[in-house]
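Asks: A single structure is presented below for examination.
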Amino acid sequence: MTKKDIVRTIAEKLDLPQLRTREFVQLTFDALIEALVREQRVELRNFGVFQIKKREARMARNPRTGEQVPVRAKNVVTFKPGKEMEARVREVVWDDTDVAVDADPPDSGDEST
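Numbering of the sequence shown is given in the numbering used here, commencing with residue 5 and proceeding in unit increments.
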């Protein structure tokens, strides 16, 4: 799924123009990035936790030459899925082509469907 797919899905569900929805989605992503940079942790209940962790400097190996090369310390973003996400992903059934099948959409709470 791409950002464009997310925009299309939200626009259809909320009956909004895609252009306006794209702005909302981008603002959401921007807010997540800013919060990560500022606070180093973003917790979204029932979804998961994004966190910045420092990866220490280390020695690695060039796979082509086998030569040892230094890798500098750097910050990386990690994601730990929430319990609800893990449970739903665990229930996905895959076919022979590695495509999810029989995946039930989330319960929206709307009993009219």
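Beta carbons are placed, not taken as given, at the ideal position from N, Cα and C, and that holds for glycine.
1) Would you call the segment 58-65 in contact with the segment 11-30, where contact means no fewer than 3 C-beta pairs closer than 8 Å?
2) Rounded to the nearest angstrom, how far is the Cβ of methionine 89 from that of phenylalanine 54, given a contact under 8 Å?
3) Which ranges would you report for the alpha helix (DSSP H) in the segment 27-113 if only whole runs of at least 4 residues count?
4) Relative to the C-alpha of lysine 78, which candidate in Val11, Gly86 and Lys58 has its C-alpha closest?
5) The alpha helix (DSSP H) spanning aspartate 19 covers which residue range?
6) Give the DSSP-derived three-state secondary structure of threonine 25 in the structure shown.
7) Could you pull out every residue in the same chain whose Cβ sits closer than 6 Å to the Cβ of leucine 36, ignoring the five residues on either side in sequence?
Replies: In terms of the structure at hand:
1) No, the segment 58-65 is not in contact with the segment 11-30.
2) Taking the sequence shown and counting its residues from 1, one reaches residue 89 at position 85. Taking the sequence shown and counting its residues from 1, one reaches residue 54 at position 50. 13 Å between Cβ atoms; not a contact.
3) As summarised for the segment 27-113, the continuous alpha helix (DSSP H) elements at least 4 residues long and confined to that stretch are 87-94, given in chain order.
4) By 1-based counting over the sequence shown, the position of residue 78 is 74. For the residues Val11, Gly86 and Lys58, the minimum Cα distance to lysine 78 belongs to Lys58.
5) The count along the sequence shown starts at 1 and reaches residue 19 at position 15. No residue range can be given for aspartate 19, since it is assigned to no alpha helix (DSSP H) and is classified by DSSP as neither H nor E.
6) For the purposes of this step, residue 25 is taken as residue 21 along the sequence shown, with counting starting at 1. Assignment of threonine 25 by DSSP, reduced to helix, strand and coil, places it in the helix class.
7) Looking up residue 36 in the sequence shown gives position 32. Shown here for leucine 36: same chain residues with a beta carbon closer than 6 Å to its own, the five before and five after excluded, namely Val46 in chain order.
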